[in-house]
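Just so you know, the protein sequences line up as chains B and H, in that order. Counting in this note's numbering, the first sequence runs without a single skipped number right up to 1103 at its last residue. Counting in this note's numbering, the second sequence runs without a single skipped number right up to 584 at its last residue. Glycine included, C-beta positions come from ideal geometry on N, C-alpha and C. Below: the structure, in structure tokens.
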Amino acid sequence: MSNTVPPDDSNNAPLLPILDQPSSSRRTALKAAGAALGLAAFGKAVSPLMVIPENVSVDEFLQQHYKEMTNDDKAKVFARLEEEAKEHYGADVTISDPQAIPGVKFGYAINLSKCNGNGACMEACNKENNHHRGVDQSYIRVFEMSKGSLDMEHGSTTYDHTVPQDDKFYMPVQCQQCDNPPCVTVCPVEATWKEDDGIVVVDYNWCIGCRYCEAACPYHARRFNWEQPEIPAEDVNPVQAYLSNRIRPQGTMEKCHYCLHRTREGRAPACLEACPTGARVFGDMNDPDSDINYVLKNKRVFVLKEELGTQPSFFYFFD
Amino acid sequence: MSATTPETLTKVDSIDSVRSYPKFLWWGLSEATNGGVGFYLWMFVLTAISLVGANAWAHQVATGMIVTNMTDHVSWGLYIANFTFFVGLAAGGVMMVIPAYLYDDEEMHKVVIIGEVVAIAAIVMCTLSVVVDLGRPDRFWHLLPGIGRLNWPVSMLTWDVIVLNGYLLINLHIVGYLLYMQFLGRRPNPKWYVPFVFLSIAWAISIHTVTAFLYCGLGGRPFWNTALLAPRFLASAFVSGPAFIILVMRILRITTGFTPPVGPARTLIQIIRIAMTVNLIMLASEVFTMFYTGGAHAASARYLFFGLHGHHGLVPWMWTSLACNIVGTILFFMPAALERGSVRISACVSCIVGIWIEKGMGLIVPGFIPSTLHEIVEYTPSLTEWKVSAGIWAFGFLILTILLKLTITVFNRSKVTH
């Protein structure tokens, strides 16, 4: 084999420059190639994240906390949310923002002698509040309890027979709208707070989905949106409020809000309207003429887990 | 050498050109990514696993956390279990810092940086474990004070965010400063690191106490609502951390020939002996208080140890954890632990496994079973959760490997130049 370099090869450039480098710079070049490959692989691996810019607009990303929004900001946000509801769900909705009526403090009581476990309240809640249709969800859980014990360990939420059974009584449990709510204490971003009329609300566009409030709540009142809610357009309740029953985003918390889009306008919560036995009593505890005031004054009411010091605004009594 | 050699390809090797901290870090990174075939294979496997985890997480963010097995009943699972374990690992590094700086243990002083490096990797794994657990990671900025709304000092989660990031910064500073000084051949100025070291001692205790306070402050979760939770966390952290560090030192010996003096491992073993005993005594105290009193308060413990109402998903986990912890403790107490490497390694592995289960499946999950309304919904992690967690472990090991290589390289070089 000839050792002579062809005389007209004036460049003296090797075929593959990389092979002629000293080993340390070859190693560096290989590392650079490896890093580029790694970066490309990483980009491919996290590519499902691209769905975020598709589904979360810049406005939504930058949106401020509810308490920091001016009325103008809110109008823009509600308009955007209504547009998105139309786009994603095919439903024309209106999002309002009813404020707490000054001087009002809502309370709710269940007459355990009247509740017969029919579950109409759960269904009404599901329809009124635009719950995800995939999981048959409601903010209310009705327990079938054995007479002789108030211990829910011996109760069941999965009963599937005619009601009422002779030896049972029925106890619905939902958010107690506590006066000392553990969920509000633990939220790291103040996405949930207690309003002046006693309702504990959630800003669904501020919540980061850490689920600490769900861990803290002693009453299993909180629900998390494990996926994007699915509701057929015809099932959507179009009368919505920002802090209550609008269709919630994926990855955020939600809970019973005493149907504030109804109750702050003088109507009853959906569960109460649906109850056929009249077991539910709701109203302004500060109003001396209200039903709830009468119940609290004259019936022997109790609250769940009183020893925890949560001070619920949700009461139970037997008549 | 070809006439077309660009200059930039040889610059990195010239140590004399490294005269600033950023350049030092860049030099360190390029040195830390040099190694033999075994090293590259290790890094490749870790990278591959990390990418699998990243992909699984991206899928989770896009589709929603429905791809995990968490539910409204058991709303925290494998991610928070790992988080709890990693915080313990990070706090455990302090058990090297205390002998080195408070008791002037000369030999420990030589290897204490390993504990700090482990702390850095562990904190990164902690932070990742929490981020992957968020339903809306795109709203992360809501946590930033000033532009978001940080509910400090009321929410314990905000304390956790602050102390974990603070601990990371403290350790990054200490490690970076000491390595840089070592590299330059200069004596480190105590003013620049000793105060931070003492701060890190108190801070390490605080990170795990705050994490315990996350859980034990919740009145609605009687299984967690015990004053003993924070002390138990610390006791188990002072086992898992040092045990992990002993394993790291052993691996360093095998892969790089770096032979640490014998003293530090002995000290760590003594610490583990005490901490593990305390941990077991506390466990006994918890078990007695729950089962002797009985009642609804003990429902989670009954579920965990014996099963409840026909559900016993966690029973094998709990007894395995107990067995691992007891076997590990016995092994550590044997004189052979100080003499024979095989006994020591088995003891470390046994304790780490036992404590991982105890803090995860043995603490987080049973806090949710039975639920606050006494319903039983069981939980085992989904494939996505395993993938994401594996990715976090792999990425943590990647960081650990690079930092350790950087450390060893710096110390080797200074031996050569001196």
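Sequence-distant partners of residue 563 of chain H (beyond 5 residues in either direction) whose C-beta falls short of 8 Å from its own C-beta, in its chain, are 212, 287. In its chain, beyond the 5 residues on either side, 988, 991, 993, 1009 have a beta carbon closer than 7 Å to the beta carbon of residue 1036 of chain B. DSSP lists B:890 as the beta-bridge partner residues of residue 1068 of chain B.
Here the alpha carbon of residue 1090 of chain B sits roughly 56 Å from the alpha carbon of residue 276 of chain H. Here residue 187 of chain H is exposed. Its C-beta has fewer than 16 other C-beta atoms within 10 Å. In the displayed model, residue 928 of chain B falls within a strand according to three-state DSSP.
Considering only beta carbons, no part of the region 1058-1081 of chain B lies closer than 9 Å to chain H. Contact check for residue 464 of chain H and residue 454 of chain H: beta-carbon distance about 11 Å, past the 8 Å limit, so the pair fails to qualify.
Excluding five sequence positions before and after residue 430 of chain H, the CB atoms of its chain that fall closer than 6 Å to its own CB belong to 273, 274, 277, given in chain order. For the region 208-293 of chain H, not one full-length beta strand (DSSP E) segment reaches 3 residues or more.
According to the DSSP assignment, residue 956 of chain B belongs to the beta strand (DSSP E) that extends over 952-957.
With a threshold of 16 other beta carbon atoms within 10 Å, residue 1042 of chain B meets it and is buried. Going by DSSP, residue 1025 of chain B is part of the beta strand (DSSP E) stretching over 1023-1025.
Sequence-distant partners of residue 1012 of chain B (beyond 5 residues in either direction) whose C-beta falls short of 6 Å from its own C-beta, in its chain, are 1034. Contact between residue 261 of chain H and residue 407 of chain H holds: CB atoms are separated by about 6 Å, below the 8 Å threshold. A Cβ of chain H is located within less than 8 Å of the beta carbon of residue 840 of chain B.
Within the region 195-228 of chain H, those residues whose Cβ lies closer than 8 Å to any Cβ of chain B are, in chain order, 196, 199, 200, 213, 217, 218, 220, 221, 223, 224, 225, 227, 228. Exclusion of the five residues before and after residue 964 of chain B leaves 1093, 1094, 1095 as the residues of its chain whose Cβ lies within less than 8 Å of its Cβ. In this chain, the alpha helix (DSSP H) harbouring residue 444 of chain H covers 428-459. Residue-level contact by beta carbon fails for residue 505 of chain H and chain B, as no gap is shorter than 8 Å. Distance between residue 1063 of chain B and residue 539 of chain H, taken at the CA atoms: about 21 Å. Taking one beta carbon from each stretch, the region 396-403 of chain H and the region 363-382 of chain H have 3 or more pairs nearer than 8 Å; the two touch. Contact between the region 311-318 of chain H and the region 959-975 of chain B is present: three or more C-beta pairs spanning the two stretches fall below 8 Å.
Within chain H, 462, 540 have C-beta atoms less than 9 Å from the C-beta of residue 935 of chain B, given in sequence order. Of all residues in the region 315-332 of chain H, only 315, 316, 317, 320, 321, 322, 323, 324, 327 place a beta-carbon less than 8 Å from a beta-carbon of chain B. Annotation: the continuous alpha helix (DSSP H) that includes residue 196 of chain H extends over 187-198.
The beta carbon of residue 400 of chain H lies closer than 6 Å to those of 374 in the same chain, with the five residues before and after it left out. Residue 389 of chain H carries a coil assignment under DSSP once its states are collapsed to helix, strand and coil. The beta-carbon separation of residue 509 of chain H and residue 363 of chain H, rounded to 32 Å, does not stay under the 8 Å limit for a contact.
Membership of residue 880 of chain B in the beta strand (DSSP E) is indicated by the continuous run 878-880. Taking a contact as a CB-CB distance under 8 Å, the pair residue 893 of chain B and residue 1065 of chain B counts as one, their CB atoms being some 4 Å apart. Within the region 268-292 of chain H, no residue has its Cβ closer than 8 Å to any Cβ of chain B. Using a CB distance cut-off of 8 Å, residue 1039 of chain B does not count as an interface residue toward chain H. If the five residues before and after residue 227 of chain H are omitted, its C-beta is found closer than 7 Å to the C-beta atoms of 303, all from its own chain and listed in chain order. Here the alpha carbons of residue 985 of chain B and residue 851 of chain B stand approximately 12 Å from one another. Below 8 Å, too few C-beta pairs join the region 931-949 of chain B and the region 341-355 of chain H to call them touching: fewer than three.
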